[in-house]
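Data first, discussion second: the structure below is written as structure tokens.
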Amino acid sequence: MWSASYEATRSEVTVGSSAVWSLGIATFAAALVEMVEALTIVLAMGMTRSWRSTLWGVAAALVALAAFTTVAGYALTSWLPEAALQLVIGGLLLVFGLQWLRKAILRSSGRKALHDEAAIFAEQETEARSASSQVRLGLDWFSFVVSFKGVFLEGVEVVFIVITFGLNAGNVPVAVAGAVAAVVVVLALAVVLRTPLTRVPENTLKYGVGLLLATFGTFWSIEGLGIFSSDGESLAWAGGDLVLLVLLVGWLVLSRVLIAILRVPTAASRDASLEPSEV
Amino acid sequence: MRFARGFLRFWYDFLVGDDWKIAAAVGVVLAVGAGIVLSGSYDDHVLTALLALGVAAAFTTALLIDVRRSGR
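As they're listed, the protein sequences go chains A and B.
In short: position in the first sequence from 1, add 10, done, that's our numbering.
In short: position in the second sequence from 1, add 2, done, that's our numbering.
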């Protein structure tokens with residue numbers, strides 16, 4: 011749909027095959043994490059309230075997501091010049107990436123509880139059981155609304171990452187394929203296991219995706235500041251696309267340093283570090 | 003009214019997230035960068051590198067403020 015204008019505007023920023031792989035892996039991991047979270051909500055609603063209403067909520071969310079994707083994709087590629095596109099979506103990716111990285115650093119340093127799908131499922135189940143029964147349009151409204159919100163909220167983030175990564179890397183099909191593969195994997199596992207996917211290493215995946223989002227977000231948002239120059243052209247990084255690797259290593263090193271500095275000592279390590287007189 | 007509030011809340015949560023300081027940090031660095039570019043006196047390679055360092059410094063500051071506050 012937007013391929014013609016997007017090809018015309020993105021031809022100069024197409025990146026190499028390593029970036030294409032990064033793109034596919036990033037969208038796969040991001041979609042996997044978000045879909046696992048959405049699945050937990052859907053399972054909790056379906057198993058405790060009504061599968062029919064829950065699945066209608068999922069279907070309505072998918073329709074809303076398709077509409078959002080169409081509008082957002084068209085608006086981004088039709089209205090914004092190249093540098094402005096890089097600035098807007100790079101800036102948003104940077105904010106998303108740093109939020110994910112912040113949580114990963116706080117979790118790894120012991121300052122925030124690890125993401126636990128089993129605990130979230132139990133919490134959702136309790137809420138579903140205690141909610142009042144309200145029937146609208148022949149549906150259990152609670153399970154319809156909760157599953158709609160869950161799928162739409164998690165899905166919007168995936169759609170945004172897919173659109174922005176796909177457009178900026180000049181390869182929307184790879185970005186879409188990465189996300190679709192994740193959805194297929196999560197659905198297949200859900201059908202087979204019929205429980206929340208607690209074994210998916212969500213915390214590690216979120217850390218990795220956070221690093222990638224921060225890397226690409228830094229690269230594109232700063233490039234896009236060229237929209238304010240007299241010629242409106244993107245700013246040029248020293249080393250071109252290779253600087254992506256430098257940025258990735260930079261964010262990784264900074265996050266490891268922050269984890270080490272902020273680490274909360276565990277009871278065992280505290281005891282071991284105490285002098286005999288202090289015990 | 004309830005719908006409008008919910009709509010705005012959704013976009014705030016989506017765009018700003020859990021910690022507004024992160025979004026503010028990114029916004030400040032990009033605004034400074036935009037000001038320098040508008041002034042016209044800069045070198046692309048130096049400015050991009052300095053702004054990347056600025057983003058890292060702003061993120062670190064936002065995180066440390068967060069940890070310090072929650073530690074009190």
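Ideal Cβ placement from N, Cα and C applies to all residues, glycine included.
Just so we're clear, the structure is a prediction, and the values are computed from it rather than from any experiment.
Q: Please confirm if the stretch 81-96 of chain A is in contact with the stretch 214-223 of chain A, defined as three or more CB-CB distances below 8 angstroms between the two stretches.
A: The answer is no - the stretch 214-223 of chain A does not touch the stretch 81-96 of chain A, with fewer than three Cβ pairs under 8 angstroms.
Q: In the DSSP assignment, find the alpha helix (DSSP H) that holds residue 205 of chain A and state where it starts and stops.
A: It is not in any alpha helix (DSSP H) - residue 205 of chain A carries neither H nor E in the DSSP assignment.
Q: Can you give me the start and stop residues for the alpha helix (DSSP H) that residue 34 of chain B sits inside?
A: Residues 22-41.
Q.
Given a cut-off of 7 angstroms on the beta-carbon distance, is the pair residue 67 of chain A and residue 157 of chain A in contact?
A. Yes, the pair counts as a contact, with Cβ atoms nearer than the cut-off.
Q | Meets three-Cβ-pair contact criterion under 8 angstroms: the stretch 157-174 of chain A and the stretch 68-78 of chain A | A | For the pair of segments examined, the stretch 157-174 of chain A was found to touch the stretch 68-78 of chain A: the number of CB pairs separated by less than 8 angstroms reaches three.
**Q.** alpha helix (DSSP H) runs contained entirely in the stretch 212-255 of chain A, provided each spans 4 or more residues
**A.** For the stretch 212-255 of chain A, whole alpha helix (DSSP H) runs of length 4 or above, ordered along the chain, are 212-233.
Q: Return the bridge partner residues of residue 150 of chain A from the DSSP annotation.
A: The secondary-structure analysis by DSSP pairs residue 150 of chain A across a beta bridge with A/145.
Q: List the whole-angstrom C-beta distance separating residue 154 of chain A from residue 63 of chain A, where the pair is believed to meet the contact cut-off of C-beta under 8 angstroms.
A: With 8 angstroms as the limit, residue 154 of chain A and residue 63 of chain A qualify as a contact, their Cβ atoms being about 5 angstroms apart.
Q | Neighbourhood of residue 225 of chain A by C-beta, 7 angstroms cutoff - its chain only, sequence neighbours within 5 removed | A | Cβ neighbours of residue 225 of chain A beyond the five flanking positions: 254, 257, 258, 261.
Q: Please list the partners that residue 105 of chain B has in chain A, where partner means a Cβ-to-Cβ separation under 7 angstroms.
A: Because chain B spans 3 through 74 in this model, residue 105 of chain B falls outside it and cannot be assessed.
(Q) If distances are taken between C-alpha atoms only, which option among B/72, B/37, B/19, B/24 comes closest to residue 236 of chain A? (A) Residue B/37 is the option with its Cα nearest to residue 236 of chain A.
Q: Taking all protein chains shown into account, decide if residue 37 of chain A is buried (16 or more other Cβ within 10 angstroms of its Cβ) or exposed.
A: So residue 37 of chain A ends up on the buried side.
Q.
So that I know if they touch, is there some Cβ in chain B lying closer than 7 angstroms to that of residue 232 of chain A?
A. For residue 232 of chain A, the nearest beta carbon of chain B is closer than 7 angstroms to its own beta carbon.
Q. Candidates A/214, A/59, A/103: which alpha carbon is nearest residue 172 of chain A's?
A. Among A/214, A/59, A/103, the Cα nearest to that of residue 172 of chain A belongs to A/103.
Q: Count the other CB atoms, across all protein chains shown, that sit within 10 Å of the CB of residue 4 of chain B; report buried if there are 16 or more and exposed otherwise.
A: Under this definition residue 4 of chain B is an exposed residue.
Q. Ordered along the chain, which non-local residues of its own chain (more than five positions away) have a Cβ less than 7 angstroms from that of residue 110 of chain A?
A. If we look at residue 110 of chain A and ignore the five residues flanking it on each side, its Cβ neighbours are 216, 219, 220, 223.
(Q) Can you look up residue 275 of chain A in the DSSP assignment and give me helix, strand or coil? (A) Residue 275 of chain A carries a coil assignment under DSSP once its states are collapsed to helix, strand and coil.
Q) Is the Cβ-Cβ distance between residue 188 of chain A and residue 75 of chain A less than 7 angstroms? A) No, the Cβ-Cβ distance between residue 188 of chain A and residue 75 of chain A is not below 7 angstroms.
Q. In whole angstroms, what separates the C-alpha of residue 52 of chain A from that of residue 197 of chain A?
A. Rounded to the nearest angstrom, the two C-alpha atoms are 11 angstroms apart.
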